[in-house]
Amino acid sequence: MSAEKTYHASCLCSAVKFTLVGDPFHFVICNCRNCKKAAGSAFMANIMFKPEQVSFTQGEDTVSEFQDCNTISGRALTRTFCSKCGAQLFLIPAARNMLITHPSLIEEEVAWVPKKESHPHDRWSWVKEIAFHPKQKPKL
Numbered sequence: 001m002s003a004e005k006t007y008h009a010s011c012l013c014s015a016v017k018f019t020l021v022g023d024p025f026h027f028v029i030c031n032c033r034n035c036k037k038a039a040g041s042a043f044m045a046n047i048m049f050k051p052e053q054v055s056f057t058q059g060e061d062t063v064s065e066f067q068d069c070n071t072i073s074g075r076a077l078t079r080t081f082c083s084k085c086g087a088q089l090f091l092i093p094a095a096r097n098m099l100i101t102h103p104s105l106i107e108e109e110v111a112w113v114p115k116k117e118s119h120p121h122d123r124w125s126w127v128k129e130i131a132f133h134p135k136q137k138p139k140l
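When the letters of the sequence shown are read in order and numbered with full-length UniProt numbering, they come out as residues 1 to 140.
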């Protein structure tokens with residue numbers, strides 16, 4: 001039995017560092033207004049992990065929080081970020097057993113690809129639709 005791969009991640013200034021053990025259980029591109037604003041981009045790439053897969057290795061005391069209460073779902077979302085450089089670190093949904101982070105924070109190259117697009121109706125017209133390739137059922 002082989003050990004799961006450990007990925008190393010950090011904020012822009014490297015004040016906050018953490019590890020991710022194993023692969024995310026989901027990878028989604030979000031086009032909602034709040035994620036676009038928080039990312040400062042046309043969409044946000046979100047990878048989802050169980051809390052036990054994530055460990056801070058440096059700078060946990062540098063992490064600040066923002067309570068995003070103006071979400072489309074109406075459920076509060078905690079957005080964490082480095083208080084030194086402002087890089088977004090985690091999204092923590094209320095009453096959910098997950099931590100959402102971003103592949104851009106990971107030092108190693110990853111082969112993960114998005115499996116879903118959230119809020120496609122809010123995608124900007126110049127952003128192309130992501131081609132998802134669902135698993136084909138074997139023909140018997």
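Ideal Cβ positions, reconstructed from N, Cα and C, are used throughout, including at glycine.
- Checking the DSSP bridge columns, you'll see residue 130 has no partner listed.
- The closest CA to that of residue 73, considering only 115, 18 and 34, is found on 34.
- With 16 or more neighbouring CB atoms inside 10 Å of its own CB, residue 10 falls in the buried class.
- Considered as a whole, the UniProt domain "CENP-V/GFA" (7 to 136) harbours 33 to 39 as its complete alpha helix (DSSP H) runs of no fewer than 4 residues, in chain order.
- Its chain contains 38, 39, 79, 80, 81 and 102 as the residues whose beta carbon lies nearer than 8 Å to that of residue 88, once the 5 sequence neighbours on both sides are disregarded; these appear in chain order.
- Beyond the five residues adjoining it in sequence on each side, residue 18 comes within less than 7 Å, by CB distance, of 9, 54, 55, 56 and 57 in the same chain, given in chain order.
- Inter-residue distance for residue 26 and residue 115 is about 7 Å (C-alpha atoms, whole angstroms).
- Around the CB of residue 51, fewer than 16 other CB atoms lie within 10 Å, so the residue is classed as exposed.
- With a contact defined as Cβ atoms closer than 8 Å, residue 15 and residue 59 qualify at about 5 Å.
- Between the segment 41 to 49 and the segment 116 to 128 there are three or more C-beta pairs closer than 8 Å, enough to call the two in contact.
- For the set 7, 105, 47 and 29, the Cα lying nearest the Cα of residue 119 is the one of 29.
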